[in-house]
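Novice: Handing you a structure now.
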Amino acid sequence: MKPQFLIGSPVSGCGKTTVALGLLRVMRRRGVTVQPFKCGPDFVDTQYHALACGRESVNLDAWLASRTHIQSVYNYYGERADVCLIEGNRGLYDGYNRMENSSAELSRMLGIPVVLVIGARAIGYAVAPVLFGMKRFNPLVRIAGVIFTQVASPSHLVSLREACMDAGIECLGYLPVTEDIHLPQRHQGLTLAAKRDLETVVDRIADLMELYIDVDKLLNLCTRIFPCPYTLPYTSEVGIEMMYRPSANVRIAIARDPAFCFLYRENIDRFAQRGKIIYFSPVYGSDLPEADYVYIPGGYPDLFARQLHRRKRLMEQLCGYVESGGKMLVEGEGMTLLARSFTVRQGGTAYEMAGILPIDCTMVDANPSNGYRTVQYGGIKLRGYENHSSVLMSLSDVPSSVAPVYGLRGTETATPFFRYKNVIAGYTHWYWGESDIFSIWTNI
Numbered sequence: 519m520k521p522q523f524l525i526g527s528p529v530s531g532c533g534k535t536t537v538a539l540g541l542l543r544v545m546r547r548r549g550v551t552v553q554p555f556k557c558g559p560d561f562v563d564t565q566y567h568a569l570a571c572g573r574e575s576v577n578l579d580a581w582l583a584s585r586t587h588i589q590s591v592y593n594y595y596g597e598r599a600d601v602c603l604i605e606g607n608r609g610l611y612d613g614y615n616r617m618e619n620s621s622a623e624l625s626r627m628l629g630i631p632v633v634l635v636i637g638a639r640a641i642g643y644a645v646a647p648v649l650f651g652m653k654r655f656n657p658l659v660r661i662a663g664v665i666f667t668q669v670a671s672p673s674h675l676v677s678l679r680e681a682c683m684d685a686g687i688e689c690l691g692y693l694p695v696t697e698d699i700h701l702p703q704r705h706q707g708l709t710l711a712a713k714r715d716l717e718t719v720v721d722r723i724a725d726l727m728e729l730y731i732d733v734d735k736l737l738n739l740c741t742r743i744f745p746c747p748y749t750l751p752y753t754s755e756v757g758i759e760m761m762y763r764p765s766a767n768v769r770i771a772i773a774r775d776p777a778f779c780f781l782y783r784e785n786i787d788r789f790a791q792r793g794k795i796i797y798f799s800p801v802y803g804s805d806l807p808e809a810d811y812v813y814i815p816g817g818y819p820d821l822f823a824r825q826l827h828r829r830k831r832l833m834e835q836l837c838g839y840v841e842s843g844g845k846m847l848v849e850g851e852g853m854t855l856l857a858r859s860f861t862v863r864q865g866g867t868a869y870e871m872a873g874i875l876p877i878d879c880t881m882v883d884a885n886p887s888n889g890y891r892t893v894q895y896g897g898i899k900l901r902g903y904e905n906h907s908s909v910l911m912s913l914s915d916v917p918s919s920v921a922p923v924y925g926l927r928g929t930e931t932a933t934p935f936f937r938y939k940n941v942i943a944g945y946t947h948w949y950w951g952e953s954d955i956f957s958i959w960t961n962i
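Heads up: the sequence shown begins at 519 in our numbering, then just goes up one per residue.
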């Protein structure tokens with residue numbers, strides 16, 4: 519038995535991330551080990567979670583992975599924690615097809631209750647029918663209680679508590695209207711300065727929570743049997759970890775710093791099951807380690823374009839690695855590092871990059887397409903999420919995509935999927951928690 523819950527809201531913008539970060543920091547202060555998770559493919563909130571509690575957050579996405587895989591991942595990471603906290607995404611019931619892949623569906627899949635977060639700036643007692651509907655809409659989705667944010671005054675709180683009583687739902691507390699709580703903009707890398715600012719904000723949220731939210735009551739109401747049971751039929755085959763054993767002779771170099779930080783925890787674990795991981799930093803001037811595989815994920819290279827441009831030695835090493843047949847996987851904004859040039863702003867410098875791929879990237883008038891993606895290549899099918907701020911400067915002179923990339927509804931997209939020698943690159947961030955990503959090079 520341990521406290522387990524998902525933080526959800528009727529709609530976006532109610533303060534789920536604020537409440538999640540505050541609870542994570544409160545529990546860290548108490549010496550409680552909490553395992554954070556994020557519903558969906560988001561990379562930013564997971565970084566915030568790690569800063570708030572000192573423990574890496576794990577993505578759970580029912581479109582990217584099977585039901586059994588999600589239950590297995592949840593049980594694996596939750597086993598080593600005292601509390602499991604999942605931050606939902608979008609509205610509680612917002613999925614790609616009704617409630618499919620929604621936060622509500624995830625809570626039902628794992629058998630854990632929901633703690634509602636409702637922004638109360640523009641509502642009082644009228645929230646009662648909202649609470650009533652959220653509690654009774656789907657009996658398989660259990661609502662443990664509600665936390666209100668943006669509460670303006672004691673009389674405002676009285677109205678909200680009365681609404682909870684009449685709707686038959688527990689009020690777990692509130693956060694008052696506070697002008698000094700501002701989370702960073704979404705497109706902002708966690709530099710040292712940004713981390714210091716966020717630390718201050720998270721501490722402020724936690725201070726307020728200890729004053730106005732009954733955390734002990736929340737944890738008691740959300741205590742459930744652990745681990746969650748697997749839903750039959752059990753669909754996963756033998757895991758990749760059973761097929762391979764880590765080899766000290768296999769070296770996997772991963773770019774990881776504020777510019778390249780969009781990493782799924784399960785992807786890293788899948789690499790670790792094959793060999794030794796070595797991290798390097800393009801921003802801070804690391805040399806490319808000797809490696810059998812190189813992985814360059816997405817992130818915020820536009821915030822560090824000048825520094826990256828100056829890493830001539832690393833650029834030469836990347837080129838030499840590729841030309842000698844080295845295997846490389848590049849995702850999202852990692853594409854900019856391999857491009858001939860990268861332009862960040864109108865009238866700005868076209869920074870020379872590694873030039874491995876005959877493409878030029880720009881953020882000027884960029885209108886990227888985002889969403890879930892699938893591709894079939896090298897004998898495996900990959901699922902992922904496309905999310906980037908740069909685009910290819912011209913589509914008329916770029917190499918052809920070696921495989922079609924499809925969107926959520928099975929329609930072909932314009933998203934490129936490049937192959938040059940042993941480089942595989944594209945704007946999609948792939949999730950291979952259930953796939954043998956290494957076969958993408960060996961099965962061609």
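Built from N, CA and C at the ideal position, the CB exists for glycine as well.
Roughly how many angstroms separate the alpha carbons of residue 916 and residue 879, rounded to a whole number?
Specialist: In a straight line, the C-alpha of residue 916 is about 11 Å away from that of residue 879.
Novice: Please report the straight-line C-alpha distance between residue 894 and residue 786, rounded to a whole angstrom.
Specialist: Spanning the two alpha carbons is a distance of roughly 21 Å.
Novice: Can you list, in chain order, the residues of its chain with a C-beta nearer than 6 Å to that of residue 611? Leave out the 5 residues immediately preceding and following it.
Specialist: Closer than 6 Å at Cβ, skipping near neighbours: 617, 620, 622.
Novice: Here's a check: name, in chain order, each residue in its chain whose Cβ is nearer than 6 Å to the Cβ of residue 629, leaving out the five neighbours to either side.
Specialist: So the list reads 746, once near-sequence residues are dropped.
Novice: So if DSSP puts residue 891 in a beta bridge, which residue, or which two residues, is it bridged to?
Specialist: Per DSSP, 902.
Novice: Less than 6 Å between C-beta atoms, sequence neighbours within five positions excluded: which residues of the same chain meet that for residue 660?
Specialist: 631.
Novice: Buried or exposed: which applies to residue 756, given that a residue is buried once 16 or more other Cβ atoms fall within 10 Å of its Cβ?
Specialist: Low confidence applies here, because residue 756 scores a pLDDT of 35, under 50, leaving its location unreliable; read the following figure in that light. Exposed, by the Cβ-count rule.
Novice: With C-beta atoms as the reference, is residue 559 less than 7 Å away from residue 903?
Specialist: Taking 7 Å as the Cβ cut-off, residue 559 and residue 903 qualify as a contacting pair.
Novice: Near residue 603, which residues of its chain fall below 6 Å by C-beta distance, leaving aside the five closest residues on each side in sequence?
Specialist: Hits under 6 Å: 552, 554.
Novice: Distance check for residue 897 and residue 958, CA to CA, integer angstroms please.
Specialist: Taking the straight line from one Cα to the other gives about 7 Å.
Novice: Is it buried or exposed, residue 566, if we count other Cβ atoms within 10 angstroms and call 16 or more buried?
Specialist: Residue 566 comes out buried.
Novice: Could you work out which residue in 919, 533, 941, 871 is closest to residue 842 when comparing CA atoms only?
Specialist: It is 941 whose Cα lies nearest to the Cα of residue 842.
Novice: Nearest to residue 773 by CA position, among 562, 791, 818, 748, is which residue?
Specialist: The shortest C-alpha separation from residue 773 is found at 818.
Novice: Could you check whether the stretch 880-894 touches the stretch 905-914, counting it as contact only if at least three pairs of C-beta atoms, one from each stretch, sit closer than 8 Å?
Specialist: Yes, they touch.
Novice: Between the C-alpha atoms of residue 584 and residue 613, what's the straight-line distance to the nearest angstrom?
Specialist: Roughly 16 Å between the two C-alpha positions.
Novice: If contact is defined by three or more beta carbon pairs under 8 Å, each pair taking one atom from either stretch, is the stretch 585-604 in contact with the stretch 812-828?
Specialist: Contact fails: fewer than three Cβ-Cβ distances are below 8 Å.
Novice: Measuring CA to CA, which of 872, 562, 952 is closest to residue 702?
Specialist: When each option's Cα is compared against that of residue 702, the closest is 562.
Novice: Return helix, strand or coil for residue 698, following the three-state DSSP convention.
Specialist: The answer is coil: DSSP assigns residue 698 none of H, G, I, E or B.
Novice: State the CB to CB distance for the pair residue 799 and residue 775, rounded to an integer number of angstroms; the pair is presumed to be in contact (CB under 8 Å).
Specialist: That pair is a contact at about 4 Å.
Novice: To the nearest angstrom, how far is it from the Cα of residue 949 to the Cα of residue 933?
Specialist: One C-alpha to the other measures close to 16 Å.
Novice: DSSP three-state label for residue 785, please.
Specialist: In this structure, residue 785 counts as helix in the three-state DSSP scheme.
Novice: Determine the burial state of residue 822: buried for a count of at least 16 other Cβ atoms within 10 Å of its Cβ, exposed for fewer.
Specialist: Under this definition residue 822 is a buried residue.
Novice: Counting along the chain, where does the alpha helix (DSSP H) carrying residue 725 start and finish?
Specialist: Segment 710-730, the alpha helix (DSSP H) holding residue 725.
Novice: Between the stretch 676-688 and the stretch 642-661, do at least 3 Cβ pairs fall closer than 8 Å?
Specialist: Yes, the stretch 676-688 touches the stretch 642-661.
Novice: Confirm, please, whether the CB-CB distance from residue 833 to residue 943 is below 7 Å.
Specialist: Against a cut-off of 7 Å, the Cβ pair of residue 833 and residue 943 comes out as no contact.
Novice: If you check the beta carbons only, do residue 570 and residue 733 fall under 7 Å apart?
Specialist: No, the Cβ-Cβ distance between residue 570 and residue 733 is not below 7 Å.
Novice: Going by DSSP, what residue range makes up the beta strand (DSSP E) through residue 553?
Specialist: Element bounds for residue 553: 552-557.
Novice: Just tell me which of 794, 675, 635, 627 has its CA closest to the CA of residue 643.
Specialist: Closest option to residue 643, Cα to Cα, is 675.
Novice: Determine the DSSP secondary structure at residue 933, reduced to helix, strand or coil.
Specialist: It is coil, neither helix nor strand.
Novice: In angstroms, rounded to a whole number, what distance separates the CA positions of residue 863 and residue 542?
Specialist: Straight-line Cα distance between these residues: approximately 37 Å.
Novice: If you compare alpha carbons, which of 888, 788, 802, 807 is closest to residue 504?
Specialist: Nothing in the structure corresponds to residue 504, since the chain is present only between 519 and 962.
Novice: When you compare only the Cα positions, how much space is there between residue 548 and residue 731?
Specialist: Each residue's alpha carbon lies about 15 Å from the other.
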